[in-house]
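**Student:** Just so you know, we're using the numbering used here here: the sequence shown kicks off at 29 and counts up by one.
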Amino acid sequence: MKMTKIKYMALAVVGTFMMSSCDLDEKFYSEVTPDNFFTSPESVYAVLAKPFDQWRYYHNEKNNWVLEELTTDEMACPARAGDFYNGGEYLRYHYHTWNTADRFIVNNFNQLNYVIARSLEAREDLAGVNYQSVGLTEEEKADHLNQINTLIAYCYMRGLNSYGGLPIYTSSQDKPKARNSRKENFDFIESVLIDAIPKLKPRVSLSEAQNGYITRGTGAMLLAQLYLNADVFIGEPRYSDAEKLLQDIYEGVYGKYEIDPSWSGPHDFDNDRSPEAMWYVPSQTTKKEFDGLYRFMFIADAKTYFDCNVLANPYNGYQLAPSYEKEGVELVSKLGRTYSKFHDLDLRKKPYVYNGNKQYEGMFCVGLQKNPHTGKVAKGTKLQNGKEMVLVDYINRTGNKSDMMEGDENSGIRLVKMPVSNSADKDILFDADFPVIRFTEVVYNLAECKFRRGDKKGAAELINEVRKRNFANGIDPDPVTEANLDIYRLADEYMIEFLGEGHRRTDLIRFGLFTTESWWDHTPTDDTKKVFCIPLEAIQGNPLLQQNPGY
29 MKMTKIKYMA LAVVGTFMMS SCDLDEKFYS EVTPDNFFTS PESVYAVLAK PFDQWRYYHN
89 EKNNWVLEEL TTDEMACPAR AGDFYNGGEY LRYHYHTWNT ADRFIVNNFN QLNYVIARSL
149 EAREDLAGVN YQSVGLTEEE KADHLNQINT LIAYCYMRGL NSYGGLPIYT SSQDKPKARN
209 SRKENFDFIE SVLIDAIPKL KPRVSLSEAQ NGYITRGTGA MLLAQLYLNA DVFIGEPRYS
269 DAEKLLQDIY EGVYGKYEID PSWSGPHDFD NDRSPEAMWY VPSQTTKKEF DGLYRFMFIA
329 DAKTYFDCNV LANPYNGYQL APSYEKEGVE LVSKLGRTYS KFHDLDLRKK PYVYNGNKQY
389 EGMFCVGLQK NPHTGKVAKG TKLQNGKEMV LVDYINRTGN KSDMMEGDEN SGIRLVKMPV
449 SNSADKDILF DADFPVIRFT EVVYNLAECK FRRGDKKGAA ELINEVRKRN FANGIDPDPV
509 TEANLDIYRL ADEYMIEFLG EGHRRTDLIR FGLFTTESWW DHTPTDDTKK VFCIPLEAIQ
569 GNPLLQQNPG Y
């Protein structure tokens, strides 16, 4: 085993929190070795948890989220008279003019490699453990090792998606390498997933909690996504392969999943038990909270609106891309105009309000920020200092133009995808998990495959299976039909269902819209922007890495 004594010392400290009720013999740190560390199931899980904890950090630090959302038509982070200008970095993401030193590109690259490194270390350590000697089975060992393999494949797929591929490492002892080709990355990911999927445990009931680890259905969905994006990744369409896998997942071949009957079910305080939960980043209040997004999304005085005095002051940055140029003047682009794409009867379009006992309505902070239960109104603290906050669906501070430099404190509708409790229920404030993959994505991806081969009727039926839960009594006033379904309607359906879930850029690239279309304050760019640049610091650290074309 290659895990050092220092690593075991750290894991032993972690283990004291995980196993506080166990009768542990006291040992000096100098005596903690691989041979005496693996003495119980808990010690095995402490090692298995390390790469998944790094994966959780990768998502909570929002680097991937920024690259997938703020480069697209659905979200924006305008400069607000000095706030969030940050040397122009958010403008560069919006205009597709990013550079090799931009922090989210750098951090995303680094975090992916950290997860891969932790995964390789954990795999090597667990491979040498006699599971039966610590009270576990060989089937559990196979599951653990293949969860790690699947996590590695996921990271390489993210690297292929974001940077056009990474160097393929298969051992923690490998020396620095040049990047492998796109095809080599693709083939590696495919082979790892094909081998791992049958060895992963399936979800056996619709209420089985998903705790951040990987089940068979998630592995199958990752392979389906690899095939779905194959035309982008390697120029070889694999939609038929994707459709077969998606159909099997839909029919329960890889585990128990179905569409949640409630629009809020996949996102609420107990969403880890939603019937459509597949792979979620776990979050628990006061422990490991997934709270990296809310502080950038909400206004500074959000605690008044939410009636939650334990909510730390947010930064008032990210928002929905606007639907209007200024009050009363609607934008006309096909893409974007996010809030206006929700039908007025859509239950999600209501202003967010928490009603107690984990119950809430709506998905947006919009209009006058007045809590209907307390009657208190949130106030501005900077440009709108002391004024009642009224969030508007445009960005036009001076009234002369609408662009990324014209943000006001009250510009933009805010997304509340993960619900916020009030002070009375502060113990559940951050109990909602963040969805990386959920069953509705299986449904939409399957619909997309049908659409691509000309079965618009079948595609519409699948999307409408989901849409009906967004309306009172399941009556949809604007269902998808064979007649109205085109690539733009499909893009809109993806946007309103998966808004803020961190894969809009990927979807737009696959639809052929990311570099060819205009949206608010954005004109078409060029195909080199379908991947990001390799960070300069990465090339300086490993001169074998070559920069992507166009940078």
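Just so you know, even glycine gets a beta-carbon here, dropped at the ideal spot from N, CA and C. Owing to the predicted nature of the structure, the values given are computational and were not obtained by experimental measurement.
Buried or exposed, going by whether 16 or more other CB atoms sit within 10 Å of the CB of GLU264?
**Tutor:** Under this definition GLU264 is an exposed residue.
**Student:** Check whether the stretch 390 to 398 touches the stretch 325 to 334, counting contact only when three or more Cβ pairs, one atom from each stretch, lie closer than 8 Å.
**Tutor:** Touching, yes, given that three or more Cβ pairs across the two stretches are closer than 8 Å.
**Student:** Given LEU148, which residues of its chain have a CB within under 8 Å of its CB, disregarding the five upstream and five downstream residues?
**Tutor:** Closer than 8 Å at the Cβ level, and outside the excluded window around LEU148, lie ILE180, TYR197, THR198, SER199, SER200.
**Student:** Excluding five sequence neighbours on each side, which residues of the same chain lie with their C-beta closer than 6 Å to the C-beta of LEU140?
**Tutor:** Cβ neighbours of LEU140 beyond the five flanking positions: CYS183, ARG186, GLY187.
**Student:** Rank ASP520, GLU317, GLU416, GLN347 by C-alpha distance to the C-alpha of ASP81 and give the top, closest one.
**Tutor:** That would be GLU317, whose Cα lies nearest to the Cα of ASP81.
**Student:** On the DSSP letters alone, give me the boundaries of the alpha helix (DSSP H) that VAL75 sits inside.
**Tutor:** Counting along the chain, the alpha helix (DSSP H) containing VAL75 begins and ends at 69 to 88.
**Student:** Pick helix, strand or coil for ALA248, following the three-state DSSP scheme.
**Tutor:** In the structure shown, ALA248 sits in a helix (DSSP, three-state: H, G or I).
**Student:** Using C-beta distances below 7 Å, list every residue in its chain close to ARG207, excluding the 5 sequence neighbours before and after it, in chain order.
**Tutor:** Taken in chain order, the residues that qualify are GLY193, LEU194, PRO195, LEU573, GLN574.
**Student:** First and last residue of the beta strand (DSSP E) that includes ARG301?
**Tutor:** Element bounds for ARG301: n/a, residue is neither H nor E.
**Student:** Considering only DSSP beta bridges, list what MET103 is partnered with.
**Tutor:** In the DSSP output, where bridge partners are listed per residue, MET103 has LEU348.
**Student:** With DSSP run on the structure shown, which of helix, strand or coil describes ALA38?
**Tutor:** With a pLDDT of 39 at ALA38, under the threshold of 50, the modelled position of this residue cannot be trusted, and the question is left open.
**Student:** Can you list, in chain order, the residues of its chain whose CB lies under 8 Å from that of VAL162, leaving out five sequence neighbours each side?
**Tutor:** Within the same chain, VAL162 has close Cβ partners PHE66, THR67, SER68, PRO69, SER71, VAL72.
**Student:** Tell me the rounded alpha-carbon separation between THR243 and GLY356.
**Tutor:** If you take the alpha carbons of THR243 and GLY356, they lie about 49 Å apart.
**Student:** Would you give the residue range spanned by the alpha helix (DSSP H) that ILE180 belongs to?
**Tutor:** From DSSP, the alpha helix (DSSP H) with ILE180 extends over 166 to 191.
**Student:** If you count every other CB in all the chains shown that lies within 10 Å of the CB of GLN568, and 16 or more means buried, which is it?
**Tutor:** Under this definition GLN568 is an exposed residue.
**Student:** Quick one: is THR544 buried, meaning 16 or more other Cβ sit within 10 Å of its Cβ, or exposed?
**Tutor:** By the 10 Å Cβ count, THR544 comes out exposed.
**Student:** Using the beta-carbon count (16 or more within 10 Å), is PRO602 buried or exposed?
**Tutor:** Given a span of 29 to 579 for the chain in the structure shown, any question on residue 602 remains unanswerable.
**Student:** Out of TYR255, ASP421, GLY578, ALA77, which one is the CA nearest neighbour of VAL23?
**Tutor:** There is no way to answer for residue 23, as the model of the chain reaches only from 29 to 579.
**Student:** Leaving out five residues before and five after LEU474 in sequence, what residues of the same chain have Cβ atoms less than 7 Å from its Cβ?
**Tutor:** For LEU474, where only same-chain residues beyond five positions count, the Cβ hits under 7 Å are GLU271, LEU274, GLN275, TYR278, LEU490.
**Student:** So, MET417 versus ALA406, is the Cβ gap smaller than 7 Å?
**Tutor:** In contact: MET417 and ALA406 (Cβ atoms closer than 7 Å).
**Student:** When we look at the beta-carbon of THR125 and count the other beta-carbons within 10 Å, is it buried (16 or more) or exposed?
**Tutor:** So THR125 ends up on the exposed side.
**Student:** What's the call for GLY115, buried or exposed, on a 16-neighbour Cβ count within 10 Å?
**Tutor:** The residue in question, GLY115, is exposed, as its Cβ has fewer than 16 Cβ neighbours within 10 Å.
**Student:** What separation, rounded to the nearest whole angstrom, lies between the Cα atoms of LYS484 and ARG517?
**Tutor:** Between LYS484 and ARG517, the C-alpha separation is close to 12 Å.
**Student:** How would you label HIS401, buried or exposed, when you count the other beta carbons within 10 angstroms and need 16 or more for buried?
**Tutor:** Exposed, because fewer than 16 other Cβ atoms sit within 10 Å of the Cβ of HIS401.
**Student:** Can you tell which of TRP307, ASP374, ILE225 has its C-alpha closest to the C-alpha of ASN498?
**Tutor:** Taking only the C-alpha atoms, the option nearest ASN498 is ASP374.
**Student:** May I have the straight-line CA-CA distance separating TRP548 from MET103, to the nearest angstrom?
**Tutor:** Rounded to whole angstroms, TRP548 to MET103 spans 10 Å at the Cα level.
**Student:** Would you call GLU565 buried or exposed, if buried means 16 or more other Cβ atoms sit within 10 Å of its Cβ?
**Tutor:** With fewer than 16 Cβ atoms within 10 Å of its Cβ, GLU565 is classed as exposed.
**Student:** What does the Cβ neighbour count give for GLU299, buried or exposed, with the cut at 16 atoms within 10 Å?
**Tutor:** A quick correction: the sequence has Asn, not Glu, at residue 299. Flag for ASN299 reads buried.
**Student:** At which residues does the alpha helix (DSSP H) containing PHE526 begin and terminate?
**Tutor:** First-last of the alpha helix (DSSP H) with PHE526: 515 to 526.
**Student:** Between which two residues does the beta strand (DSSP E) containing ASN383 stretch?
**Tutor:** Run containing ASN383: 381 to 384, per the beta strand (DSSP E) assignment.
**Student:** Taking PRO552 as the reference, give the member of LEU363, SER451, PRO577 with the closest Cα.
**Tutor:** Looking at the Cα atoms, LEU363 is the closest of the given residues.
**Student:** Let me confirm a value: SER449 is counted as buried when at least 16 other C-beta atoms fall within 10 Å, else exposed. Which label applies?
**Tutor:** With 16 or more Cβ atoms within 10 Å of its Cβ, SER449 is classed as buried.
**Student:** For GLU117, does the three-state DSSP call read helix, strand or coil?
**Tutor:** GLU117 falls in the helix class under three-state DSSP.
**Student:** On the three-state DSSP scale, how would you describe GLU353?
**Tutor:** In this structure, GLU353 counts as strand in the three-state DSSP scheme.
**Student:** Output needed for PHE458: all residues of its chain with C-beta closer than 6 Å, excluding positions within five of it in sequence on either side, in chain order.
**Tutor:** Same-chain partners within the cutoff: SER311, THR313, GLU317, ASP319.
**Student:** Grouping DSSP H, G and I as helix and E and B as strand, with all else coil, what is GLY569?
**Tutor:** Helix.
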